[in-house]
Amino acid sequence: MKFLKLFSFFFLLLFYHQLSAQSIIQKYFIDSTDHALDVSQFLNSGFGFLPVPIIITEPAVGFGGGLTAIYFHGQKKKRESLDTLNRFAQSKDLPPITTGAAGAYTANGTWLAALFHQGSYHNDRFRYLGAFAYLSPNLTFYGSGIIDNGEYNFNMQGVMTFHEFLFRPKKELPLFTGINYLFFNNNITFIDNEPETESLKEETNLGGMNAVLMWDNRDNTFTPTKGIMTATEFGIFHKALGGDNDYTNFTHRTYYYLPVKKGKLFSGYRLQYQAKWGNNVPFFELPFVSLRGIPALRYQDHNALVLETEWRWQVFKRWSAVGFVGTGFTAPKIQDFDFTQSRVAGGFGFRYFIASDYGLHAGIDIARGPEIWAWYLTVGSNWFR
72 MKFLKLFSFF FLLLFYHQLS AQSIIQKYFI DSTDHALDVS QFLNSGFGFL PVPIIITEPA
132 VGFGGGLTAI YFHGQKKKRE SLDTLNRFAQ SKDLPPITTG AAGAYTANGT WLAALFHQGS
192 YHNDRFRYLG AFAYLSPNLT FYGSGIIDNG EYNFNMQGVM TFHEFLFRPK KELPLFTGIN
252 YLFFNNNITF IDNEPETESL KEETNLGGMN AVLMWDNRDN TFTPTKGIMT ATEFGIFHKA
312 LGGDNDYTNF THRTYYYLPV KKGKLFSGYR LQYQAKWGNN VPFFELPFVS LRGIPALRYQ
372 DHNALVLETE WRWQVFKRWS AVGFVGTGFT APKIQDFDFT QSRVAGGFGF RYFIASDYGL
432 HAGIDIARGP EIWAWYLTVG SNWFR
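Here it is in structure tokens:
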């Protein structure tokens, strides 16, 4: 009899814990409207963090992985409804305030550890983005007119920190202005010890500051479906800012999102141009064609231009299909662009609507460039910043 009572007690205890676990899962990870997996309530809880696995398939560093833990501060907030001279009216979520830590390692020995924070404050009058990292990537330099064309494997290791402060002068307009600062203490070593690379081996500090002007009326910052984000940065890298090299930096990027069929088909368009002027631009700082399917640093020069479009079809409930294609160009000077010599890359993928309150989709992309196939785990938009 005592055994039966003891067994009943442990059975009820186990059953209670199972119910409790199911209740927690139901509360924080299941959407009550469609009973699908959704992490919104967990992120809204005030103690929720999103563990995001890092699956690295970037050809430049080899296959690898890691983990990012993103902490969401407080509950989701709603943006005020804005109406300025009838030019636009919007009611959207404020960009969330997040803090995170990340670590990753790849097959070719590349690794990194990082802390980061992103915040929107005072009803989005102020924005801040900051990061502190120690990284050691093993990459390949292809010559880029600095030395003979070839494949030169190198390691760059050091401490990097980045900080960006943006201010919205008028709360009625999604126009931001501000500055950002980058510092990187970097030690360059070439693995193959080719004679051509002797002059490129050095320990160098990068210190640069840019003025930023940005317009951002996207409906959300994770997986936008409408609106435009356009930003221009202009600044210098200089000894007075903690660096060893003096040169000028210019970057422009525009991401435009347009719904084609309400609730079903969404399109996005990207234009990105980057230039660095001066005789002292470090080889690893040269702009390059950044597209899914093309290894980082594969096509570099003092000027790089990228055009890309991405389309997403909402196939079934929370599942959607993605297709994308882009082209890139490089040139030593802006007037030297040869638009008949393009590097084209494209592919397809899928998304799952993982956090409805944040408009966050996640999935996998498969891409083909001029030389290789590659695949990518994408959380939110592939066009970040």
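My numbering numbers the first residue of the sequence shown as 72 and each following residue consecutively.
Glycine is no exception: its CB is placed at the ideal position from the N, C-alpha and C atoms.
query                                                                                             : result
Under the three-state DSSP convention, the category I217 falls into                               : coil
Close Cβ partners of I250 (< 7 Å) along its chain, the five nearest in sequence each way excluded : F236, M280, N281, A282, V283
Residue range of the unbroken beta strand (DSSP E) whose run includes P330                        : 318 to 332
Beta-carbon proximity of G463 to Y199, cut-off 8 Å                                                : Examination of residue 463 is not possible in this model, given that the chain is present from 72 through 456 alone.
Reference G174; option with closest CA among G136, P167, R196                                     : G136
Helix, strand or coil at K388 according to DSSP, with G and I counted as helix                    : coil
8 Å CB neighbourhood of G430 in its chain, flanking five on each side removed                     : D164, D290, N291, F293, T294, P295, T296
Beta-carbon proximity of P353 to D287, cut-off 8 Å                                                : no
Backbone secondary structure at D428 - three-state DSSP                                           : helix
Beta-carbon proximity check, G397 vs G420, cutoff 8 Å                                             : no
Reduced DSSP secondary structure (H/G/I, E/B, other) of L312                                      : helix
Span of the beta strand (DSSP E), counted from its first residue to its last, around L368         : Unbroken run through L368: none, as it is neither H nor E.
L342 - DSSP class collapsed to helix/strand/coil                                                  : strand
Proximity below 8 Å, CB of P358 to CB of A375                                                     : yes
Separation of G214 from F387, as counted between CA atoms                                         : 47 Å
Helix, strand or coil at E129 according to DSSP, with G and I counted as helix                    : coil
Those residues which DSSP pairs with V415 across a bridge                                         : T398
Reduced DSSP category for L246 - H, G, I as helix; E, B as strand; rest coil                      : strand
Proximity of A131 and A367 at Cβ, strictly below 8 Å                                              : yes
Where P208 falls, given that 16 or more other Cβ within 10 Å makes a residue buried               : buried
Under 8 Å between C-beta atoms of W382 and L336                                                   : yes
Per-residue DSSP class, three states only, for D407                                               : helix
Three-way DSSP call (helix, strand, coil) for P266 in this model                                  : helix
Span of the beta strand (DSSP E), counted from its first residue to its last, around V450         : 444 to 450
Residue nearest to V377 in terms of C-alpha spacing, selected from T170, W384, R363               : R363
Endpoints, beta strand (DSSP E) assigned at G171                                                  : 169 to 177
Beta-carbon proximity check, F233 vs G201, cutoff 8 Å                                             : yes
For F395 and T380, believed in contact at Cβ under 8 Å, the rounded distance                      : 7 Å
Alpha-carbon spacing of R389 relative to T260, whole angstroms                                    : 47 Å
Proximity winner among I125, D109, Q97, S103, relative to V450 (alpha-carbon distances)           : I125
For A140 and V110, the rounded distance between their alpha carbons                               : 14 Å
First and last residue of the uninterrupted beta strand (DSSP E) at G229                          : 223 to 238
8 Å contact criterion, which F308 and F321 should meet: CB distance rounded                       : Actually they are not in contact, since the Cβ atoms of F308 and F321 sit about 12 Å apart, beyond 8 Å.
As assigned by DSSP and simplified to three states, the class of K98                              : helix
Span of the beta strand (DSSP E) around T139                                                      : 135 to 143
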